[in-house]
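**Q** Going by my numbering, the final residue of the sequence shown carries number 605, and the count climbs one at a time with no gaps.
Yeah, the Cβ is synthetic: ideal placement off N, Cα and C, and Gly gets one too.
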Amino acid sequence: MSTRFKSSRKFSATIAASAAAALVLAGCTTNGGGDGDDNGDDTTSGTVTIATTNAANSLNGATSDHNLNTNGMIDYITGNGWGSSGPGTFLNTRANADAEIESNRDETNGSFELVSEDPLTVEYTLNENAVWSDGTEMSVDDMLLTWVINSGWFAGEDADGEPASYFSLAGSTAGLDTTDFPEIDREARSLTITYDEPYVDWELVNMLGKPAHVFADQVDMTAEELTDFFTDAEPGYNEDETLEAIGSFFNNGYAITEMPSDEGLLVAAGPYVVSDFQANDGGYIEFSANPNWQGDAPGVDTLIISFIGDASTQIQQLANGEVDIIEPQADANTVQTLESNGAEIITGDQLSYDHVDLSFRGVFEDERIRQAFLHTIPRQAILDSIVTPTNPEAQILNSQMYVPSNGDDYVAATSENGYEMFDEPDIEAAQELLNGETPEVRILYAADNPNRVNAFRLIQQSAEEAGFVIVDEGDPEWSPRLGSEDYDAAIFGWISPGVGFASLPQIWQTGGGGNYNNYSNSDIDALVDESQTLIEDPERMLEIMTEIDTITREDGYGVPLFQSPGLVAHNGTVDGILYNPNQTGVIHNILEWSL
Numbered sequence: 011m012s013t014r015f016k017s018s019r020k021f022s023a024t025i026a027a028s029a030a031a032a033l034v035l036a037g038c039t040t041n042g043g044g045d046g047d048d049n050g051d052d053t054t055s056g057t058v059t060i061a062t063t064n065a066a067n068s069l070n071g072a073t074s075d076h077n078l079n080t081n082g083m084i085d086y087i088t089g090n091g092w093g094s095s096g097p098g099t100f101l102n103t104r105a106n107a108d109a110e111i112e113s114n115r116d117e118t119n120g121s122f123e124l125v126s127e128d129p130l131t132v133e134y135t136l137n138e139n140a141v142w143s144d145g146t147e148m149s150v151d152d153m154l155l156t157w158v159i160n161s162g163w164f165a166g167e168d169a170d171g172e173p174a175s176y177f178s179l180a181g182s183t184a185g186l187d188t189t190d191f192p193e194i195d196r197e198a199r200s201l202t203i204t205y206d207e208p209y210v211d212w213e214l215v216n217m218l219g220k221p222a223h224v225f226a227d228q229v230d231m232t233a234e235e236l237t238d239f240f241t242d243a244e245p246g247y248n249e250d251e252t253l254e255a256i257g258s259f260f261n262n263g264y265a266i267t268e269m270p271s272d273e274g275l276l277v278a279a280g281p282y283v284v285s286d287f288q289a290n291d292g293g294y295i296e297f298s299a300n301p302n303w304q305g306d307a308p309g310v311d312t313l314i315i316s317f318i319g320d321a322s323t324q325i326q327q328l329a330n331g332e333v334d335i336i337e338p339q340a341d342a343n344t345v346q347t348l349e350s351n352g353a354e355i356i357t358g359d360q361l362s363y364d365h366v367d368l369s370f371r372g373v374f375e376d377e378r379i380r381q382a383f384l385h386t387i388p389r390q391a392i393l394d395s396i397v398t399p400t401n402p403e404a405q406i407l408n409s410q411m412y413v414p415s416n417g418d419d420y421v422a423a424t425s426e427n428g429y430e431m432f433d434e435p436d437i438e439a440a441q442e443l444l445n446g447e448t449p450e451v452r453i454l455y456a457a458d459n460p461n462r463v464n465a466f467r468l469i470q471q472s473a474e475e476a477g478f479v480i481v482d483e484g485d486p487e488w489s490p491r492l493g494s495e496d497y498d499a500a501i502f503g504w505i506s507p508g509v510g511f512a513s514l515p516q517i518w519q520t521g522g523g524g525n526y527n528n529y530s531n532s533d534i535d536a537l538v539d540e541s542q543t544l545i546e547d548p549e550r551m552l553e554i555m556t557e558i559d560t561i562t563r564e565d566g567y568g569v570p571l572f573q574s575p576g577l578v579a580h581n582g583t584v585d586g587i588l589y590n591p592n593q594t595g596v597i598h599n600i601l602e603w604s605l
């Protein structure tokens, strides 16, 4: 039912798509091992409970306000992923033991085919038996809705000439924004898109997102009527009431603070559906097997993700049998405590990195002040406090594009980008740039994350030595504040899907969905545009990413801190657990688990 193939790339440098669990964004106390039932074959059932750091706050992680790793895990498990395809969405990816990405074409619901290379044309076809979890037949209407949301077909300028879009995407419309309106063959259950120019990540495009019939209900239409509306509507941003309603539902309708009463929000494409939810730290989200899933049955009937922000609490609950698997942030005591408790431990580097970003508003509009502040950040002290105790070989991260796991590409970029100038604080250089000024800097970070608290305190102490006045903006609910004007610097992280180059327009381009600090540079915009048209040109891609690295360093964008260490611990009740360094985490092979 599925075909697996390896990407020609190692882990790409795209640190993107979801805010890292360490920046990061959470329980039910069910012992998974005790509930397993023998079905008389190789498949067992029961409940598995996982602890994660961040509390979920939306069933749609594709929006800029809810671009959180835990929300992305929900998208993956239910198969409704946008930009990080989950089971049942034509394509999903994971890392193998050789640090290569394996791409798995899951054809449970449909398949895609390259029709033409020039012009680049791709056909997506749904299977005849493909259905949503509520029993509704999947249709071309679902695929067209996905294309509309992600292509920018209805984006443009508002009445004041400012960029405007109905859909607030965490990513960008790059690639799909060069496609014509799709060709639809309802009888064949297919949708075909044609690109005006080559697109580097065409194989990673997921054309099955949220269910069209649920969106159509919001505007009192059928799914077919919604397709007719999209077909007849003028492209661009025209302040259309129907599009406003559809966009508002996409942007905000899936946000949750309690178990939704609207069952339409729970409709899923994958092997699991959401069956219970309690918000905030100490809460959880529960998934049950999708009764209408047409693929291989999962080996675990019920999955619970508990939201436990404190690593010591995760460890204690694992020891008590309240959870089965944890992915805590590693610190000096974590591994030692887990070993003394008899837990099974898997470690590795994550495809994520912590960093400090400066907002190009307010006090940091002045490049001189940006450069002065960057000279105060004690990166080695931060590394020694957070990472070195668990990985004595760890080094300061000197790239925004690559992590050491990228091997030669990381070496090549760091030999040219100049970030080594910030290896150690230079208080005298900072004071000289400030020339007696004492700027106030508000620093945002996750207040319930010990690693971020440590980083903030070290930065505060060093920056105040140079003359800065530091305001503590630590906040457990920090992530929705990203992109606002109520902070000047932010300490957080990005975690990568491991494949593709979608992060370049997402983070670095003017107006990108992850460009939270209002950064804009026309040279960067041009480089990003070029990157999205490169197919099988790794040498030029390396040049572009190194140039972006260098220019952003020169502009005082911020500084990378370290590649995040990864840690999975479990109690041995679940078979099939494999370490995975990308944003999906330990659940990447959930369909292969058993008790």
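Using only the alpha-carbon positions, how far apart do ARG555 and THR204 sit?
**A** Position 545 of the sequence shown, counted from the start, is the residue given in the question as residue 555. Position 194 of the sequence shown, counted from the start, is the residue given in the question as residue 204. This sequence places Met at residue 555; Arg is not what is there. Distance between the alpha carbons of MET555 and THR204: 27 Å.
**Q** Counting C-beta neighbours from all protein chains within 10 Å, is the total for LEU275 16 or more, i.e. buried, or is it exposed?
**A** To locate residue 275, count along the sequence shown from 1; it is residue 265. Burial call: buried.
**Q** Please report the straight-line C-alpha distance between ASP211 and LEU514, rounded to a whole angstrom.
**A** The residue you call residue 211 lines up with position 201 of the sequence shown. The residue you call residue 514 lines up with position 504 of the sequence shown. Whole-angstrom Cα-Cα distance: 12 Å.
**Q** With H, G and I counted as helix, E and B as strand and the rest as coil, what does DSSP make of ARG452?
**A** The residue given as residue 452 occupies position 442 in the sequence shown. Reduced to three states, the DSSP call for ARG452 is strand.
**Q** Enumerate, from N- to C-terminal direction, the unbroken alpha helix (DSSP H) stretches of 4 or more residues contained entirely within the stretch 106 to 163.
**A** Listed in chain order, they are 150 to 161.
**Q** Take every Cβ of the stretch 153 to 169, pair it with every Cβ of the stretch 215 to 225, and state whether three or more of those distances are shorter than 8 Å.
**A** Enough Cβ pairs lie closer than 8 Å, so yes.
**Q** My understanding is that ASN160 touches LEU136, with C-beta atoms under 8 Å, so please give their C-beta distance in whole angstroms.
**A** One-based indexing of the sequence shown puts residue 160 at position 150. One-based indexing of the sequence shown puts residue 136 at position 126. No, ASN160 and LEU136 are not in contact; Cβ-Cβ is about 18 Å, not under 8 Å.
**Q** So what does THR59 bridge to, in DSSP terms?
**A** Within the sequence shown, residue 59 is the residue found at index 49, counting from 1. According to DSSP, THR59 bridges with ILE314.
**Q** Hey, would you say TYR363 sits closer than 8 Å to GLY503, going by beta carbons?
**A** Indexing the sequence shown from 1 puts residue 363 at position 353. Indexing the sequence shown from 1 puts residue 503 at position 493. In contact: TYR363 and GLY503 (Cβ atoms closer than 8 Å).
**Q** Determine the closest residue to LEU537 out of GLU546, THR560, TYR526 and ASN528, with distance taken between C-alpha atoms.
**A** Counting from 1 along the sequence shown, the entry for residue 537 is found at position 527. Among GLU546, THR560, TYR526 and ASN528, the Cα nearest to that of LEU537 belongs to THR560.
**Q** Which class does PHE259 belong to by DSSP, given the choice of helix, strand or coil?
**A** Within the sequence shown, numbered from 1, the residue matching residue 259 stands at position 249. Three-state result, PHE259: helix.
**Q** Quick one: which unbroken beta strand (DSSP E) runs of 3-plus residues sit fully inside the stretch 450 to 509? Chain order, please.
**A** Fully enclosed beta strand (DSSP E) runs of 3 or longer: 450 to 455, 479 to 484 and 499 to 505.
**Q** Between SER322, ILE453, VAL479 and LEU361, which has its C-alpha nearest GLY510's C-alpha?
**A** Taking the sequence shown and counting its residues from 1, the one referred to as residue 510 is at position 500. Of the candidates SER322, ILE453, VAL479 and LEU361, the one whose C-alpha sits nearest the C-alpha of GLY510 is LEU361.
**Q** Count the other C-beta atoms from every protein chain shown that fall within 10 angstroms of the C-beta of LEU124, then say buried if there are 16 or more, exposed otherwise.
**A** The residue labelled residue 124 in the question sits at position 114 within the sequence shown. Result: exposed.
**Q** With H, G and I counted as helix, E and B as strand and the rest as coil, what does DSSP make of GLN8?
**A** Lying before the first or after the last residue shown, residue 8 is absent from the chain, which here runs from 11 to 605.
**Q** If you draw a straight line from the alpha carbon of ASP272 to that of PHE478, how long is it in whole angstroms?
**A** To locate residue 272, count along the sequence shown from 1; it is residue 262. To locate residue 478, count along the sequence shown from 1; it is residue 468. In a straight line, the C-alpha of ASP272 is about 49 Å away from that of PHE478.
**Q** Give the secondary structure of ILE325 by DSSP, where H, G and I count as helix, E and B as strand, and everything else as coil.
**A** Here residue 325 refers to the residue found at position 315 when the sequence shown is read from its first residue. Helix, per DSSP.
**Q** To the nearest angstrom, how far is it from the Cα of ASN41 to the Cα of PHE572?
**A** Stepping through the sequence shown from its first residue, residue 41 is reached at position 31. Stepping through the sequence shown from its first residue, residue 572 is reached at position 562. Low per-residue confidence applies at ASN41: pLDDT is 32, beneath 50, and the placement is therefore not dependable enough to give any value.
**Q** Report back the beta-carbon spacing between ASN77 and ASN64 to the nearest angstrom; my notes put them in contact at under 8 Å.
**A** Mapped onto the sequence shown, residue 77 falls at position 67. Mapped onto the sequence shown, residue 64 falls at position 54. Wrong, their Cβ atoms sit about 12 Å apart, outside the cutoff.
**Q** To the nearest angstrom, how far is the alpha carbon of VAL345 from that of ILE325?
**A** Numbered from 1 along the sequence shown, position 335 holds the residue referred to as residue 345. Numbered from 1 along the sequence shown, position 315 holds the residue referred to as residue 325. Their backbone Cα atoms lie some 10 Å apart in a straight line.
**Q** Any idea which residues DSSP pairs GLN339 with across the strands?
**A** Here residue 339 corresponds to residue number 329 of the sequence shown, with the count starting at 1. None; GLN339 has no bridge partner.
**Q** Mind pulling the alpha helix (DSSP H) runs of 4 or more residues that sit fully within the stretch 226 to 295?
**A** Listed in chain order, they are 233 to 242 and 251 to 262.
**Q** List in chain order: all unbroken alpha helix (DSSP H) runs of 4+ residues lying wholly within the stretch 178 to 204.
**A** Whole alpha helix (DSSP H) segments, 4+ residues: zero.
**Q** So, at 7 Å on beta carbons, what are the nonlocal neighbours of ARG371 in its own chain, with the 5 sequence-adjacent residues on each side left out?
**A** Locating residue 371 in the sequence shown gives position 361, where the first residue counts as 1. Taken in chain order, the residues that qualify are GLU495 and ASN528.
**Q** For the alpha helix (DSSP H) that contains PHE383, what are its first and last residues?
**A** Along the sequence shown, one-based indexing puts residue 383 at 373. Counting along the chain, the alpha helix (DSSP H) containing PHE383 begins and ends at 377 to 384.
**Q** If you count every other CB in all the chains shown that lies within 10 Å of the CB of GLY417, and 16 or more means buried, which is it?
**A** Locating residue 417 in the sequence shown gives position 407, counting from the first residue. With fewer than 16 Cβ atoms within 10 Å of its Cβ, GLY417 is classed as exposed.
**Q** Is the beta carbon of ILE315 less than 8 Å from the beta carbon of ALA579?
**A** Sequence index remark: in the sequence shown, residue 315 carries index 305 (1-based). Sequence index remark: in the sequence shown, residue 579 carries index 569 (1-based). No, Cβ-Cβ distance for ILE315 and ALA579 is not below 8 Å.
**Q** Since ILE554 sits in a beta bridge, which residues does DSSP pair it with?
**A** For the purposes of this step, residue 554 is taken as the residue at position 544 of the sequence shown. Paired residues: none, contrary to the question.
**Q** With a CB to CB cut of under 8 Å and the five nearest residues on each side skipped, what residues in its chain are close to ASN464?
**A** Here residue 464 refers to the residue found at position 454 when the sequence shown is read from its first residue. So the list reads ILE392, SER395 and ILE396, once near-sequence residues are dropped.
**Q** Are PRO245 and LEU130 closer than 8 Å when you measure CB to CB?
**A** Walking along the sequence shown from the start, residue 245 turns up at place 235. Walking along the sequence shown from the start, residue 130 turns up at place 120. Cβ atoms of PRO245 and LEU130: not closer than 8 Å.
**Q** Please go through the same chain and pick out, in chain order, the residues whose beta-carbon is closer than 8 Å to the beta-carbon of ALA422, but skip the five residues on each side of it.
**A** Counting from one through the sequence shown, the residue named residue 422 turns up at place 412. Answer for ALA422: LEU552 and THR556, listed in chain order.
**Q** Hey, is the stretch 468 to 482 in contact with the stretch 377 to 393, meaning 3+ C-beta pairs nearer than 8 Å?
**A** Yes: at least three Cβ pairs fall under 8 Å.
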